[in-house]
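Per the working numbering, residue 3 is the first one in the sequence shown, and the count goes up by one each step.
Virtual Cβ for every residue (Gly too), placed ideally from N, Cα, C.
Predicted model only: the values in this text are computed from it and were never measured.
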Amino acid sequence: MQTSNAETAPLSPSPSRKEVWKMFDRIAHRYDVLNRSLSFGRDVAWRKRLRKHLPTDRELLLVDHATGTADQILFLLGGKARIAKAMGYDLSEEMLARGREKIEKLGVGDVVSLHTGDAMQSPQADNSADVVTISFGIRNVEDVPTALADMRRALVPGGKLLILECSLPENTFIRKSYLFYFRKILPRLGGWVSGDSYAYNYLNKTVETFPCGEAFCRLMREAGFEQVRAEPMTFGVATLYSGLKPENAA
Ligand SMILES: C[S@@+](CC[C@H](N)C(=O)[O-])C[C@H]1O[C@@H](n2cnc3c(N)ncnc32)[C@H](O)[C@@H]1O
């Protein structure tokens, strides 16, 4: 199993994640189109895989952190799970504004609402969410253990945490080819289309310095989650993590 994108420092402080949402304010206008094209559309399959992990035995109150333009929430609505309410939190007002436009267009404003909120200290009440999700967001927060602890706080006992995040392939040949794309092509394409080359250089640096596979599962267990699993997808370029808040937790 993969252990870490960073060989030596599982929680690298570099590049700085401080106030990174300001960068997302700058690229919000092109975020969706870049996301889809730079992942060759694979992000749709990954988001749908996450959707399959939603409990279907009851109505859900769902919280999505670092929700951005609400893409993940909107994909979750299309599945079998009955989502009574979905709240998305993010610190980038521009990303949230794009998300609100999509929600209005789709007429799902009675179910989905977006709010300003930090994944490390969310305004969500204790023991209130059946499911917490965060897609391509956890590697951007400054203090991952604090964010995981806050997600656990907001979950009901027995509630589920689902995390989708970029990772690096284990197979040496695939990993080398992917790193070439990631380091040389993606930042240029992303910079060209969004007009912000810093943002897409930041993207590859955060992925390469973020723990994945077993190293990330360990962080989830340390934050108090059980039945923690990692599911690598598309040769390991993305991983879906799941875990439960224990039934007997306060
Ligand atoms: C790569 S985007 C992911 C957006 C969305 N979840 C998706 O799946 O497309 C990362 C998002 O994390 C947000 N973000 C970064 N740090 C954050 C924090 N501490 N709390 C909440 N959101 C944060 C950014 O503003 C940005 O919208």
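- In this structure, ligand 1 has no non-hydrogen atom nearer than 6 Å to the beta-carbon of residue 101.
- In the structure shown, residue 21 falls within a coil segment according to DSSP collapsed to helix, strand and coil.
- The C-beta distance from residue 51 to residue 71 rounds to 20 Å, too long to fall under 8 Å, and the pair is not in contact.
- Counting along the chain, no beta strand (DSSP E) covers residue 32, and no H or E run does either.
- Per DSSP, reduced to three states, the secondary structure at residue 172 is coil, with no helix or strand assignment.
- It is roughly 26 Å from the alpha-carbon of residue 53 to the alpha-carbon of residue 31.
- Closest in C-alpha terms to residue 122, from the list 152, 109, 196 and 116, comes 152.
- For residue 75, the enclosing alpha helix (DSSP H) begins and ends at 73 to 79.
- Residue 123 has its Cβ no nearer than 6 Å to any heavy atom of ligand 1.
- With fewer than 16 neighbouring CB atoms inside 10 Å of its own CB, residue 194 falls in the exposed class.
- Here the region 102 to 112 makes no contact with the region 147 to 165; the two share fewer than three CB pairs at distances below 8 Å.
- Inclusion of residue 172 and residue 141 in the CB contact set at 7 Å is not warranted, their separation being larger than that value.
- Taken through DSSP and simplified to helix, strand or coil, residue 116 comes out as strand.
- In this model, residue 236 and residue 216 are separated by some 17 Å (Cα to Cα).
- Remark: three or more beta-carbon pairs, one from each stretch, lie closer than 8 Å, so the region 156 to 170 and the region 126 to 146 are flagged as touching.
- Proximity of the beta carbon of residue 181 to ligand 1 is not indicated: no heavy atom of the ligand is located closer than 6 Å.
- Short note on residue 142: C-beta closer than 6 Å to some heavy atom of ligand 1.
- For residue 137, the shortest C-beta to heavy atom distance toward ligand 1 is below 6 Å.
- Relative to ligand 1, residue 194 has its C-beta separated by 6 Å or more from all heavy atoms.
- A residue is called buried when at least 16 other Cβ atoms come within 10 angstroms of its Cβ; residue 66 meets this threshold and is buried.
- For residue 122, the secondary structure class from DSSP, reduced to helix, strand or coil, is coil.
- The region 176 to 224 contains no complete beta strand (DSSP E) run of 3 or more residues.
- In the displayed model, residue 130 falls within coil according to three-state DSSP, outside both helix and strand.
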